[in-house]
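Down below is the structure, laid out as structure tokens.
As structure tokens, this is what we get:
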């Protein structure tokens with residue numbers, strides 16, 4: 637893998653490849669277990685998505701605290717970022733899952749783009765922003781709970797109302813407000829440091 641990683645400029649990948657492979661196996665096993673219990677592809681996908689979000693959010697938050705990343709958003713590196721990106725890229729089953737079960741080009745394009753972006757984090761250019769972009773996933777657990785409640789006929793109760801408020805709040809603040817802020821910083825950093 638060293639030759640491939642080096643050729644692609646992924647200088648930090650070799651160290652985290654075992655974690656990436658274990659993560660991929662972990663998410664695949666969860667998917668297979670949910671299918672073994674008779675879960676439909678949508679249900680299995682939501683379960684794995686929920687687990688991914690609950691695992692990746694604390695990892696991303698930890699990486700956001702890294703002084704080396706904060707000191708140099710363009711070229712800083714910290715092992716916590718590597719761990720976070722490896723676990724995230726291990727979620728690559730999403731590419732296979734969406735291709736096999738849903739086949740829509742939008743789903744496939746999203747999966748391939750996300751995988752590519754987080755693999756790019758191993759260059760390690762702009763690793764600072766990778767962890768921050770993963771915080772957009774804060775609304776995912778609430779979105780999945782909303783889906784579960786809807787599919788089980790419990791969308792009109794108090795739990796659904798509380799979850800709905802949390803979903804809208806996290807989506808608005810994490811994806812729209814914080815997402816815009818992070819995107820601005822991302823493009824600003826690229827333009828300011830392009831020649832380095």
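In the working numbering, the protein residues as written are 637 to 832. Just so it is clear, CB atoms sit at the ideal spot from N, CA and C, and this is done for glycine as well.
Cβ neighbour criterion (16 or more within 10 Å) applied to residue 685: Counting of Cβ neighbours within 10 angstroms places residue 685 among the buried residues, the total reaching 16 or more.
Closest by CA to residue 694, which one among 767, 649, 653, 661? Relative to the Cα of residue 694, the nearest Cα in the group 767, 649, 653, 661 belongs to 767.
Going by Cα to Cα distance, which pick from 683, 762, 772 is closest to residue 829? Of the candidates 683, 762, 772, the one whose C-alpha sits nearest the C-alpha of residue 829 is 762.
DSSP on residue 805, reduced to helix/strand/coil? Note: residue 805 maps to helix in three-state DSSP.
Residue 651 versus residue 696 - alpha carbon distance: Going from the Cα of residue 651 to the Cα of residue 696 covers about 18 Å.
Which word fits residue 760, buried or exposed, when buried means at least 16 other C-beta atoms lie within 10 angstroms of its C-beta? Per the 10 Å Cβ criterion, buried.
Simplified DSSP assignment, three categories, for residue 694: Three-state DSSP puts residue 694 in a helix.
Could you pull the start and end residues of the alpha helix (DSSP H) that residue 654 belongs to? Its alpha helix (DSSP H) spans residues 649 to 672.
Within 8 Å, do at least three Cβ pairs link the stretch 806 to 823 to the stretch 770 to 779? Taking a cut-off of 8 Å for Cβ pairs, the stretch 770 to 779 and the stretch 806 to 823 touch, as three or more such pairs fall below it.
Under 8 Å, with one C-beta from each stretch per pair, do the stretch 773 to 789 and the stretch 799 to 813 reach the 3-pair mark? Yes: the two stretches touch, three or more of their Cβ pairs being nearer than 8 Å.
Taking residue 750 as the reference, which of 758, 824, 728 has the closest Cα? Ranking 758, 824, 728 by Cα distance to residue 750 puts 728 first.
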